[in-house]
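Have a look at the structure below, then the notes.
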Amino acid sequence: MTPTSPSRCSLIAGPYLFHYLLDRGVCYIILTDSQFSRTKAFAFLEAIQTEFYGKYYQQIQTVSRPYAFLDFGKFIHKTQKIYSDSRSSNLSQLNVALQDVQRIMVQNIDDVLQRGEAAQAI
Numbered sequence: 332m333t334p335t336s337p338s339r340c341s342l343i344a345g346p347y348l349f350h351y352l353l354d355r356g357v358c359y360i361i362l363t364d365s366q367f368s369r370t371k372a373f374a375f376l377e378a379i380q381t382e383f384y385g386k387y388y389q390q391i392q393t394v395s396r397p398y399a400f401l402d403f404g405k406f407i408h409k410t411q412k413i414y415s416d417s418r419s420s421n422l423s424q425l426n427v428a429l430q431d432v433q434r435i436m437v438q439n440i441d442d443v444l445q446r447g448e449a450a451q452a453i
């Protein structure tokens, strides 16, 4: 992966799919079977990313030993159970939709702020 790689992508590997999410220098990746919902896979990765960055953001750039974040495995396991439960599918889809709306709103606000800065420069 390079700095120009897409921030989210799914890659086919036979009967499986690798889904990854790149954010602030960290790659979050999972392997699912081809039947697993892509939307649900990225919702899982976003949940992992949000919790991981919130908990470890100050340590990410200074980690000096392998397996420094082993204690995070408990959260991953708990979240994995939630997302693999078919009953959580509707809640997961709602959460993804809300995250998409939030992402669009943040982008729109950034665009408005940039236009305001450009107008002030004139």
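Using my numbering, you'd call the opening residue of the sequence shown number 332 and step up by one each time. Where a beta carbon is used, it is the ideal one built from N, C-alpha and C, also for glycine. Treat the numbers as computed from the prediction; the structure is a model and nothing was measured.
Taking the C-alpha atoms as reference points, what is the distance between Gly345 and Ser365?
-> Residue numbering aside, residue 345 sits at position 14 when the sequence shown is read from its first letter. Residue numbering aside, residue 365 sits at position 34 when the sequence shown is read from its first letter. Distance between the alpha carbons of Gly345 and Ser365 is about 9 angstroms.
Would you mind listing the alpha helix (DSSP H) stretches within the region 379–426 that are 4+ residues and don't spill past its ends, in chain order?
-> Fully enclosed alpha helix (DSSP H) runs of 4 or longer: 404–415.
Is Arg339 closer than 8 angstroms to Leu352 when the C-beta atoms are compared?
-> Looking up residue 352 in the sequence shown gives position 21. Looking up residue 339 in the sequence shown gives position 8. Yes, these two residues count as a Cβ contact at 8 angstroms.
Does the pairing of the region 375–390 with the region 402–417 give three or more beta-carbon distances under 8 angstroms?
-> Contact holds: three or more Cβ-Cβ distances are below 8 angstroms.
Nearest to Gln411 by CA position, among Val357, Phe375, Thr363 and Tyr387, is which residue?
-> Here residue 411 refers to the residue found at position 80 of the sequence shown. Measuring from the Cα of Gln411, the nearest candidate turns out to be Phe375.
Confirm, please, whether the CB-CB distance from Ile391 to Gly319 is below 8 angstroms.
-> With the chain running from 332 to 453 in the structure shown, residue 319 is simply not present.
Return the CA-CA distance between Glu377 and Ile361, expressed in angstroms with no decimal places.
-> As a working note, residue 377 is residue 46 in the sequence shown. As a working note, residue 361 is residue 30 in the sequence shown. Between Glu377 and Ile361, the C-alpha separation is close to 11 angstroms.
With Arg339 as the anchor, note down where its beta strand (DSSP E) starts and where it stops.
-> The residue labelled residue 339 in the question sits at position 8 within the sequence shown. Counting along the chain, the beta strand (DSSP E) containing Arg339 begins and ends at Arg339 to Ala344.
Consult DSSP for Phe367 and reduce its assignment to one of helix, strand or coil.
-> To locate residue 367, count along the sequence shown from 1; it is residue 36. Reduced to three states, the DSSP call for Phe367 is coil.
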